[in-house]
Amino acid sequence: QQQVKQSPQSLIVQKGGISIINCAYENTAFDYFPWYQQFPGKGPALLIAIRPDVSEKKEGRFTISFNKSAKQFSLHIMDSQPGDSATYFCAATYSGNTPLVFGKGTRLSVIA
Amino acid sequence: EPEVTQTPSHQVTQMGQEVILRCVPISNHLYFYWYRQILGQKVEFLVSFYNNEISEKSEIFDDQFSVERPDGSNFTLKIRSTKLEDSAMYFCASGSGRVSEQFFGPGTRLTVL
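Those protein sequences? They're chains A and B, same order as listed.
Following this note's numbering, the numbering of the first sequence begins with 899 at its first residue and continues without gaps.
Following this note's numbering, the numbering of the second sequence begins with 6 at its first residue and continues without gaps.
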């Protein structure tokens, strides 16, 4: 019940296209859902996060869509660029600064 | 912009040796975490630390592991007797307590031979 399932494992997108990564969770007590971007040899960097009281959050080219009833959330990267090529992790946690539960990651490659 | 720093960036050790991984969290943060990532796998939680004590730990964090905040800035992870399977990237993270955000350091790559 602590798992966060992430798909796809890898994704290749043309430059300018939309990248979509999906995550599903089981524990309805989770109430904070961040996405992290990780470049090789670096630590995960917080990209964008959402709470279940909203269905969508947008920051620049990055959008999280949240479906509380389906217990799913997704990351959309609009106008994908080669510099977006990285591994993306979804995560979930409860309020109160509890540990993050990570998905297995999606390796995104944006090709020109 | 404030960031979490970690030293060393790479540590090579022999099986059975003790290692200490060091972290300097963001200065006004109150919550501290260690996570690890085995090559090609997901990030896994090890331990969280608040108010000078462990607040939560995972099954991975057994008696071989310990954490300490020896002064007002450093946060350390000690592995008493390393095993081959401890080889991984170890990430320190910190949070202010506001909206559950956690910020990660660049990691220490631990290689146990």
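Just so it is clear, CB atoms sit at the ideal spot from N, CA and C, and this is done for glycine as well.
Note that the structure is predicted; figures quoted are calculated from it, not measured.
Run down chain A in chain order and give the residues with a C-beta less than 8 Å from the C-beta of residue i.
i: B/PRO7; result: Neighbours of B/PRO7 on chain A: none; closest Cβ ~13 Å, over 8 Å.
i: B/PHE80; result: Here the premise fails: no neighbours, minimum Cβ distance about 15 Å.
i: B/GLU90; result: Those do not exist, as B/GLU90 stays about 19 Å from chain A at its closest Cβ, beyond 8 Å.
i: B/GLU61; result: THR996, PRO997
Could you work out which residue in the options is closest to residue i when comparing CA atoms only?
i: B/ARG27; options: B/SER14, B/TYR36, B/THR18, B/MET20; result: B/SER14
i: B/GLN16; options: B/ASP91, B/ARG103, B/PHE66, B/SER101; result: B/ASP91
i: A/LEU1006; options: A/VAL902, A/PHE964, A/ILE918; result: A/ILE918
i: A/PHE928; options: A/GLY1003, A/ILE1009, A/SER967, A/VAL1008; result: A/SER967
i: B/GLN46; options: A/GLY1001, A/ILE1009, A/ALA1010; result: A/GLY1001
i: B/ILE84; options: B/GLU8, B/MET20, B/ALA98; result: B/MET20
i: B/GLU49; options: A/TYR992, A/PHE987, A/GLY994; result: A/PHE987
i: A/ASN995; options: A/GLY914, A/TYR930, A/ILE916; result: A/TYR930
i: B/GLY112; options: B/CYS97, B/GLU106, B/LEU118, B/GLN69; result: B/CYS97
i: A/ASP977; options: A/PHE960, A/GLN970, A/ASN965, A/THR985; result: A/PHE960
i: B/ARG41; options: A/VAL1008, A/VAL999, A/CYS921; result: A/VAL999
i: A/THR1004; options: A/TRP933, A/GLU924, A/GLY914, A/GLN901; result: A/TRP933
i: B/TYR38; options: B/ARG114, B/GLU73, B/ASP67; result: B/GLU73
i: B/VAL117; options: B/VAL29, B/PRO30, B/ILE43; result: B/ILE43
i: A/LEU909; options: A/THR991, A/THR985, A/GLY939; result: A/THR985
i: B/ASN79; options: B/PRO30, B/GLU8, B/SER71; result: B/PRO30
Mind listing the chain B neighbours of residue i? Cutoff is C-beta to C-beta under 8 Å, in chain order.
i: A/THR991; result: SER105
i: A/LYS940; result: PRO111, GLY112
i: A/LYS1002; result: GLN46, LYS47
i: A/PHE964; result: Within chain B, no residue comes near A/PHE964; the closest Cβ sits about 15 Å away, beyond 8 Å.
i: A/PHE987; result: LYS47, VAL48
So which residues on chain B does residue i lean against when the C-beta distance must stay under 9 Å?
i: A/TYR930; result: VAL104, SER105, GLU106
i: A/LEU944; result: GLU106, GLN107, PHE108, PHE109
i: A/PHE971; result: Correct list: empty, because the minimum Cβ distance to chain B is about 15 Å.
Between residue i and residue j, what straight-line distance do the alpha-carbon atoms span, to the nearest angstrom?
i: A/ARG949; j: A/PRO997; result: 16 Å
i: B/PHE108; j: B/LEU35; result: 12 Å
i: B/GLU6; j: B/ILE65; result: 32 Å
i: A/GLU957; j: B/GLU23; result: 44 Å
i: B/GLN11; j: A/SER972; result: 31 Å
i: A/LEU945; j: B/ASP76; result: 31 Å
i: B/ILE5; j: A/THR926; result: Nothing about residue 5 of chain B can be reported from this structure: the residues present for chain B run from 6 to 118 only.
i: B/VAL52; j: B/GLU61; result: 6 Å
i: A/GLN912; j: B/ASN56; result: 48 Å
i: A/LYS955; j: A/VAL1008; result: 23 Å
i: A/ILE898; j: A/GLN979; result: Any answer about residue 898 of chain A is impossible in this case: the structure gives chain A only from 899 up to 1010.
i: B/GLN69; j: B/ARG114; result: 18 Å
Exposed or buried, residue i, counting other C-beta atoms within 10 Å across all chains shown (16 or more means buried)?
i: B/MET94; result: buried
i: A/PHE937; result: exposed
i: A/GLN907; result: exposed
i: A/SER953; result: exposed
i: B/SER32; result: exposed
i: A/ILE975; result: buried
i: B/ILE25; result: exposed
i: B/VAL104; result: exposed
i: A/ILE916; result: exposed
i: A/GLN935; result: buried
i: B/SER86; result: exposed
Could you work out which residues of chain A lie near residue i, taking near to mean beta carbons separated by less than 9 Å?
i: B/GLY100; result: ASN995
i: B/SER53; result: ASN995, THR996, PRO997
i: B/PHE96; result: GLY941, PRO942
Contained alpha helix (DSSP H) runs [length at least 4] in the region 917 to 950 of chain A, N- to C-terminal order: none
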